[in-house]
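Participant:
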Amino acid sequence: MINGKLLKDAMMSAAISIANKKRSVDELNVYPVPDGDTGTNMSMTMGAALRALELMGEDVTVSQVADTAASALLRGARGNSGVILSLLFRGIAKGLNGLTEADCESMANALELGVSAAYKAVMKPTEGTILTVARMASVKAQECVHTTNDPVILWEEVCKEAEATLAKTPEMLPVLKKADVVDAGGQGLLLIFQAMLEVFHGGSIAVPAEKAKEEKKVEFSTAVGEFDEVINFTYCTEFIVQKHPDSPDASKLRAYLETIGDCVVVVDDEEIIKVHVHTDSPGMALTKALEFGCFINDPKPKIENMRIQHENKVLEAKITKQQEFRPAEQEKEFGFVAVAAGLGVESMFTDLGVDQVVRGGQTMNPSTDDILKAIMATPAKTVFVLPNNKNIIMAAEQAIKLADRNVCVLQTRTIPQGFAAMLAFDESASLADNRINMTKAFERVSTGQITFAARDSDYEGHQIKKGEILALDNSKLSFTDKDVEKAAVKLTRRLVKGDTSYVTLIYGADVTDEQAEHVQALLSAKLSDKIEVMLVNGGQPVYYYIISVE
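Just so you know, we're using our numbering here: the sequence shown kicks off at 27 and counts up by one.
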């Protein structure tokens, strides 16, 4: 049987393990455009669960652990891979609901529920991805129920099947085979499952790769705070001893204290010895100290329970956080939340009537909780959400079930689509009419993007080198180039149609005003006199130019 503490430790270890290996997962991405990469998104999503689980005690059930983790994962989900991961564990939590311990059958059924939840959330599931790896692992789990009563053995088979399926993903997705890699999301899920298995087998929780930190300089006057990141011993004990004439060497006191505790500080002055130690036996520390002298009254010896202090700090932080964030009153019918990056782009959305801008986009996928907070801060009964990136839509949709007001997520995949949707809003129209009209408006917009290759890649018939300029036609790679200005002009001319009236060039943080004006002049000279070419300083990262054609 798997009890609550074991499941808790396993999930904590999984979160740490995926964080340690996120770069190797990121490197499996075949899409050359700078992105909120899979390993990073999965790591940040699991990190939310880690923080929640760390606050739980030891006496917990598998139901409590799974529910706590699933709730944190849902709010912390980033990117499509993070959302799918959160849905898998949400289903698992439903399967373990009410259970103190998990047996073989309950683990298999829980995984099956998780896979079902993940598949339902994806409009067009693609085989050869994290979904396939999870599904085949679940099928194997159901088979194992008939051959074993040991949930750990079942999880071994789950991991073996996940690994075998992952190896087959290049045969399912040609783009993976061409790049000679396996699916990144599937690899991330396998690492999580394997880390859980290690703990199920009796292994200890993984250690964060970045844990090596500089030792902190300890001032005697400090109390608990500086050591409560990892509490190995309960009591922070501090005292000062007035030495007697034949007092032993203070190093002997230090040596003894290190056998009964940690964080030992012994300062030997001419007449006194100052001591700071974390221990489970403060009485033994005080008794030993009497061999070196007598305690002084000012300051008096001090003993503090660090675990209680830590729990009080956590509770205080929770209360403070709740007090800081209060949902906005629903004062108007409609409100708007947009995801964007760049001061100029953010200002444009604000000017168009957006109430809350969530900073994020390519390479900076906001979490479901980030979007939820923006929704709750919008003083409206119905809130339209404009994700403006295909990798943010799923995270935004997860916020719908968490909000206390009506939420409508429009499927905007680019910044120009978000602008078009806002321009089409009619305050006098109904929610249904606005949804239809705003969707029609953003679907009519063509978007061009000029960016750079984040990695070497063989993608869609293009041999791409890291750093090359990429021209994206409605998010699909159109061509590569060596020159940003030439690429911007060439791509814009490709996007322009016979009925085009407006071209808007939104230039980014890495483009100067002079460079942008030069591109505007080139386009004005090459395009029809009937087409107005407008220039906007968006200040966005990643994209040199975002081109809107209407």
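Backbone N, C-alpha and C define an ideal beta-carbon position, used for all residues, glycine too.
Quick caveat: nothing in here was measured; it's all calculated off a predicted structure.
1. For Ile441, which of Leu428, Val109, Ile426 and Tyr571 has the nearest alpha-carbon?
2. Quick check on the burial criterion: 16 or more other C-beta atoms within 10 angstroms. Buried or exposed for Glu197?
3. Ignoring anything shorter than 3 residues, give me the beta strand (DSSP E) runs that lie fully in the segment 497 to 544, in order along the chain.
4. Nearest-angstrom Cα distance between Lys552 and Asn563?
5. Just to confirm, is the Cβ distance from Ile156 to Ile118 under 9 Å?
6. Output the distance between the C-alpha atoms of Glu240 and Gly154, rounded to the nearest integer angstrom.
7. Of the choices Leu316, Glu330 and Glu317, whose alpha-carbon is the least far from that of Val303?
8. How is Val165 classed by DSSP in three states: helix, strand or coil?
9. DSSP on Val365, reduced to helix/strand/coil?
10. Closest to Gly524 by CA distance: which of Asp288, Ile557 and Asp509 is it?
11. Tell me Phe360's beta-bridge partners as DSSP assigns them.
12. Rounded to whole angstroms, what is the Cα-Cα separation between Phe253 and Ser107?
13. Residues in the same chain with beta-carbon distance under 7 Å from Ser472, minus the five sequence neighbours each way, listed in chain order, please.
14. Determine the DSSP secondary structure at Ser230, reduced to helix, strand or coil.
15. Assess, as a yes-or-no matter, whether the segment 220 to 229 is touched by the segment 255 to 273 under the definition of 3 or more beta carbon pairs within less than 8 Å.
16. Hey, how far is the Cα of Gln356 from the Cα of Gly105?
17. Do the CB positions of Val435 and Ala364 come within less than 9 Å of each other?
18. If you count every other CB in all the chains shown that lies within 10 Å of the CB of Ile334, and 16 or more means buried, which is it?
19. Output yes or no for whether 9 Å exceeds the beta carbon distance between Val171 and Ala147.
20. For Leu398, collect the residues of the same chain with a Cβ closer than 8 Å to its Cβ; drop the 5 residues on either side in sequence, then sort them by chain order.
21. Which same chain residues end up closer than 7 Å to Asp176 when comparing Cβ atoms and leaving out the 5 residues on each side of it in sequence?
22. Leaving aside the five residues before and after Lys516 along the sequence, list all residues of the same chain whose C-beta is less than 8 Å from its C-beta, in chain order.
23. Taking 9 Å as the cut-off, decide whether the C-beta atoms of Phe478 and Thr438 are in contact.
24. Is Val233 buried or exposed, if buried means 16 or more other CB atoms sit within 10 Å of its CB?
25. Ordered along the chain, which non-local residues of its own chain (more than five positions away) have a Cβ less than 6 Å from that of Ala98?
26. Is Gly287 helix, strand or coil when you go by DSSP?
27. According to the Cβ coordinates, are Thr408 and Val371 closer than 9 Å?
28. Identify, in the order they occur along the chain, each residue of the same chain with its Cβ nearer than 8 Å to the Cβ of Gly124, setting aside the five sequence neighbours on each side.
29. Where Asn55 and Ala210 are concerned, what is the direct C-alpha to C-alpha distance, given to the nearest angstrom?
30. In the DSSP assignment, find the beta strand (DSSP E) that holds Met464 and state where it starts and stops.
Facilitator: On the basis of the coordinates in this document:
1. Tyr571
2. exposed
3. 502 to 507 and 528 to 533
4. 22 Å
5. no
6. Low confidence applies to Glu240: its pLDDT is 34, below 50, so where it sits in the model is not reliable, and the reading given next is rough at best. Their backbone Cα atoms lie some 43 Å apart in a straight line.
7. Glu330
8. helix
9. strand
10. Ile557
11. Thr408
12. Caution applies to Phe253, whose pLDDT of 37 falls short of 50 and renders its modelled position unreliable; the value that the coordinates give is listed next. Each residue's Cα considered, the two are about 35 Å apart.
13. Asn500, Leu521 and Val575
14. coil
15. no
16. 29 Å
17. no
18. exposed
19. no
20. Arg101, Ala425, Leu428 and Ala429
21. Cys130
22. Ala497, Phe505 and Asp507
23. no
24. exposed
25. Ala74, Ala75 and Ala78
26. strand
27. no
28. Ser89
29. 6 Å
30. Where Met464 is concerned, there is no enclosing beta strand (DSSP E), although the alpha helix (DSSP H) it sits in stretches over Leu457 to Glu469.
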